Structures are given as C-alpha cells and as structure tokens.
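Just remember that this note's numbering sits 19 ahead of the position in the sequence shown, which is counted from 1.
Virtual Cβ for every residue (Gly too), placed ideally from N, Cα, C.
Here the structure is a predicted model, which means the values were calculated and not measured.
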Amino acid sequence: MRLPSASQLIRKAFGRTASGQSPAGLATRSDSLPEETNFRMLAENSGDVIMQLGPDTKARYVSPSCTRLLGWLPEEMVGHGPEAFVPPEHLQNIAAAAALLLAGADEGEPLAIEIRRKDGKTIWVESKARIVRDPLTGVPGDFVLIMRDITERKRLEEQLRSLAMTDGLTGLGNRRAFDETLDREWRRTVHSAGQMSLLLIDIDRFKGFNDKYGHQVGDDCLRAVAAAIRDVLHRPGDMALRYGGEELAVILPNTDGKEALEIAERLRLAIENLGLPHDDNPEGGGRVTVSIGSATALSRSGGTIRMPEGLLLAADTALYKAKHNGRNRVEVALLLASERPDAV
Numbered sequence: 020m021r022l023p024s025a026s027q028l029i030r031k032a033f034g035r036t037a038s039g040q041s042p043a044g045l046a047t048r049s050d051s052l053p054e055e056t057n058f059r060m061l062a063e064n065s066g067d068v069i070m071q072l073g074p075d076t077k078a079r080y081v082s083p084s085c086t087r088l089l090g091w092l093p094e095e096m097v098g099h100g101p102e103a104f105v106p107p108e109h110l111q112n113i114a115a116a117a118a119l120l121l122a123g124a125d126e127g128e129p130l131a132i133e134i135r136r137k138d139g140k141t142i143w144v145e146s147k148a149r150i151v152r153d154p155l156t157g158v159p160g161d162f163v164l165i166m167r168d169i170t171e172r173k174r175l176e177e178q179l180r181s182l183a184m185t186d187g188l189t190g191l192g193n194r195r196a197f198d199e200t201l202d203r204e205w206r207r208t209v210h211s212a213g214q215m216s217l218l219l220i221d222i223d224r225f226k227g228f229n230d231k232y233g234h235q236v237g238d239d240c241l242r243a244v245a246a247a248i249r250d251v252l253h254r255p256g257d258m259a260l261r262y263g264g265e266e267l268a269v270i271l272p273n274t275d276g277k278e279a280l281e282i283a284e285r286l287r288l289a290i291e292n293l294g295l296p297h298d299d300n301p302e303g304g305g306r307v308t309v310s311i312g313s314a315t316a317l318s319r320s321g322g323t324i325r326m327p328e329g330l331l332l333a334a335d336t337a338l339y340k341a342k343h344n345g346r347n348r349v350e351v352a353l354l355l356a357s358e359r360p361d362a363v
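Rendered as structure tokens:
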C-alpha cells in the first residue's frame with residue numbers, strides 16, 4: 020500500500036500550506052505546476068520544520084529545514100520518535116497532546132517544548148499538530164506536526180519574569196519571589212519528608228540610620244548588606260531576598276536548625292565586619308549590624324510548625340526576640356512538635 024506523501028497529509032490535516040495559503044489560492048497562484056509539486060515545494064522550503072509521524076509517533080517524513088534549526092539531516096530523524104530528541108520532562112506533555120488528538124480533537128493546542136539539537140544544545144520550539152483521519156471511517160492515521168523556533172521569545176519571557184521577581188535596589192529576589200519560593204520549597208520539603216529553614220534579617224536601628232545619613236546613604240547600606248549576604252551563601256538552592264523595607268530573608272532548603280544557625284552567625288559577622296558607620300547603633304559599637312531570627316521546619320519528625328505561614332511567623336517571632344534581647348544577635352524559634360504541616 021502506497022503511503023500518502025507529506026504534502027498530501029499537510030493538505031488533509033490543515034487545509035492550507037505552511038505559508039497560510041489555502042490549496043485553492045495556491046493553485047491560482049501557480050496553475051502551471053501540479054498541486055502536489057506546490058505542496059512539496061512549500062514543505063521543503065518553509066522555515067518551519069514539518070514532520071509526518073506515524074501512529075507509533077515515529078517520524079516518516081521530516082522537512083529539510085530541520086538541518087538549519089536542529090542540525091540533524093532529515094534522514095537522521097526519520098524512524099525515531101520524540102524520545103530521541105525531546106528531554107524527558109517534556110514527553111508527558113507530548114503524550115497528553117497526542118491522546119487528545121486520538122480521542123477526537125481536531126487540532127492540538129500550540130505546545131512549547133525543548134528539543135535537543137545535534138550539537139547537544141537545546142532550543143525552545145512551538146509545535147502544532149493535527150491528526151489525519153480517514154475521510155470515510157474517521158479512523159485516525161498519521162500526525163502532521165509543524166514546529167518553529169521560539170528560543171528568543173522564551174529568553175525574553177524569562178528576562179521579563181526575572182525583572183518582575185527582582186528587587187530593583189538590592190538585586191535580590193523581591194517579595195513576590197519570596198512568596199513563590201517559600202511556598203515551592205515548603206511543598207518540596209513535605210513531599211520529600213525533608214527539612215528547610217528560614218532566616219529573617221533586620222538592619223538594626225535603620226530608621227535612625229536613614230534620618231542621620233539620608234536615604235541615599237541608606238540605599239547604599241542596603242546594597243552593601245545584600246552583597247555581603249550573597250557572598251556568604253554558596254550552596255545551590257539557598258536564596259536571599261528582600262522581604263520589605265530594611266528586612267531581608269534567606270530561604271535555606273534541606274537545612275536543619277544547626278546548619279541554619281551556623282549560616283545566620285556567618286551572615287551576622289559578615290555584615291558587622293563591613294564596618295559601615297552607624298553612630299545611633301550602640302549595640303553594634305557604632306557600626307551597622309543586623310538582628311536575625313531563624314526557624315526550621317522538620318517534616319520528617321512527625322510533627323513540625325505549620326507551614327509556610329507558620330514558619331514565617333516563627334522566624335518573625337525569633338527576630339523580635341533578637342531585637343528585644345539586645346540586637347546584633349541570632350535567635351532561634353522554638354519548634355512545636357504538636358503542630359502538623361498543612362496538606363498540599
């Protein structure tokens with residue numbers, strides 16, 4: 020049995036060419052060429068990658084533009100399924116999209132996925148698929164897939180997201196980033212039966228600092244303190260953020276109370292050793308210092324403080340205690356073993 024050509028499948032699946040023209044419009048534009056030749060010409064000269072996939076999702080036809088976009092020759096892709104080119108984390112989305120088409124959907128929603136180039140690098144593509152059905156029986160046959168490069172678009176989207184999550188003054192994550200990160204790490208802690216810690220950091224007597232030295236110097240002070248915190252944090256996953264005003268925060272995944280206390284003490288000393296003058300801070304010997312509250316969630320213990328709001332409250336309580344007990348110090352929250360973590 021002779022398989023339909025890629026151009027026939029494109030016509031059946033989409034009713035128009037990769038350039039957006041209908042078959043009738045294309046025939047009018049070039050009556051001297053057979054319609055089949057026109058479709059083949061468009062498929063093989065389109066900037067998008069056009070693929071014909073069998074019911075087993077293995078490629079039967081790949082347009083030549085795959086070489087420019089992916090580095091592979093068409094014959095190197097033919098006979099392989101998505102798993103040969105797509106990272107594992109995207110395969111579930113592809114399987115779900117194929118299932119919808121097989122269940123009767125006319126056309127899949129545009130799907131943004133990463134795909135591996137021949138040189139090992141990955142790029143982002145937007146793929147759109149339709150399934151070709153027998154016109155008499157409606158039995159599903161091959162898939163037709165069109166892919167285009169959206170790497171630059173994804174880069175700009177990520178850049179905008181980063182800007183939206185970054186505090187403009189300190190370069191640390193902002194309050195929105197804090198809320199999202201705290202919630203995400205809490206959920207990870209619960210699911211992994213692990214532990215995490217939170218530090219809240221307040222610059223001692225910062226209102227008086229601003230009143231005495233001016234807001235510009237106050238901004239410089241915040242930047243210097245933020246930089247000192249970044250210099251102390253070397254572990255992957257640890258994140259420093261600006262919680263609000265002169266209050267900063269550090270989220271420490273996979274960190275127990277002892278480790279959190281050690282990190283908090285290093286942060287306190289690093290900021291004290293900056294030697295920034297602060298005449299109205301007698302507890303710090305006339306230098307800029309910070310008070311730190313530390314709290315830890317121990318999901319594996321069978322009992323822990325309530326999270327994530329409870330962890331934040333516990334760290335804030337410890338911070339208040341540090342300020343009340345003389346500032347320029349670290350205090351640790353008392354964990355209540357009778358409280359259970361919220362379900363997620």
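Straight-line Cα distance separating residue j from residue i
i      : j      : result
Leu52  : Met96  : Only weak support exists for where Leu52 lies, its pLDDT of 47 falling under 50; the coordinates are left without a value.
Lys77  : Val163 : 11 angstroms
Gln71  : Met184 : 41 angstroms
Gly305 : Phe228 : 11 angstroms
Pro154 : Leu121 : 15 angstroms
Met60  : Arg87  : 17 angstroms
Ala245 : Lys231 : 21 angstroms
Gln178 : Pro83  : 32 angstroms
Lys226 : Pro327 : 29 angstroms
Ile69  : Ser216 : 49 angstroms
Leu267 : Asp198 : 13 angstroms
Glu302 : Asp250 : 24 angstroms
Arg242 : Glu284 : 20 angstroms
Ser181 : Leu260 : 13 angstroms
Glu281 : Arg172 : 42 angstroms
Ala124 : Gly66  : 27 angstroms
Gly420 : Val81  : Not covered by the structure: residue 420. The range shown for the chain is 20 to 363.
Arg207 : Glu63  : 47 angstroms
Leu219 : Arg287 : 11 angstroms
Met20  : Ala116 : Because Met20 sits at a pLDDT of 39, beneath the cut-off of 50, its placement in the model cannot be relied upon, and the point is left open.
Ile290 : Asp138 : 45 angstroms
Residue i, DSSP secondary structure in three states
i      : result
Arg346 : coil
Asp16  : A question about residue 16 goes unanswered here, because the residues of the chain that appear run from 20 up to 363.
Glu133 : strand
Ala103 : helix
Pro159 : strand
Ile290 : helix
Ile165 : strand
Ala116 : helix
Glu126 : strand
Lys140 : coil
Ala279 : helix
Ala314 : strand
Ala148 : strand
Pro272 : strand
Pro296 : strand
Buried versus exposed, by CB contacts within 10 Å (16 or more), residue i
i      : result
Ala341 : buried
Ala7   : Residue numbering for the chain in the displayed model covers 20 to 363; residue 7 lies beyond these limits and cannot be assessed.
Gly233 : exposed
Asn292 : exposed
Pro296 : exposed
Ala279 : buried
Ala114 : exposed
Gly329 : buried
Leu201 : buried
Arg224 : buried
Gly127 : buried
Pro74  : exposed
Gln214 : buried
Arg174 : exposed
Gly44  : Caution is warranted here: a pLDDT of 37 is assigned to Gly44, below 50, making its placement in the model unreliable, and the coordinate value is therefore given only provisionally. The residue is exposed, with fewer than 16 neighbouring Cβ atoms inside 10 Å.
Thr308 : buried
Arg108 : Reading the sequence as shown, one finds Glu at residue 108 and not Arg. By the 10 Å Cβ count, Glu108 comes out exposed.
Arg149 : buried
Asp298 : exposed
Beta-carbon proximity list for residue i, same chain, < 8 angstroms, skipping 5 on both sides
i      : result
Arg152 : Val158, Pro159 and Gly160
Ala352 : Gly312, Ser313, Ala314, Thr315, Ile324, Ala333, Ala334, Thr336 and Ala337
Leu110 : Pro101 and Glu102
Arg195 : Ala183 and Met184
Pro129 : Glu145, Ser146 and Lys147
Cut-off 6 angstroms between Cβ atoms - residues of its own chain near residue i, not counting five sequence neighbours on either side
i      : result
Gly276 : Thr315
Pro106 : Glu133
Leu89  : Arg136
Thr141 : Glu133 and Arg135
Phe104 : Ile134 and Arg135
Asp186 : Asn193 and Arg261
Val236 : none
Same chain, Cβ closer than 7 angstroms to residue i, five either side skipped, listed in chain order
i      : result
Asp238 : Leu188
Ser310 : Asp221, Asp223, Leu338, Ala341, Lys342, Arg346, Asn347 and Arg348
Val144 : Ile132, Ile134, Met166, Arg167, Asp168 and Ile169
Cys85  : Val68, Trp91, Pro93 and Met96
If you scan the stretch 181-267 from start to end, which runs of the alpha helix (DSSP H) of 4 or more residues do you find wholly inside it? 194-210, 225-232 and 234-251
Along the chain, which unbroken stretches of the alpha helix (DSSP H) at least 4 residues long are found entirely within the stretch 59-91? 84-89
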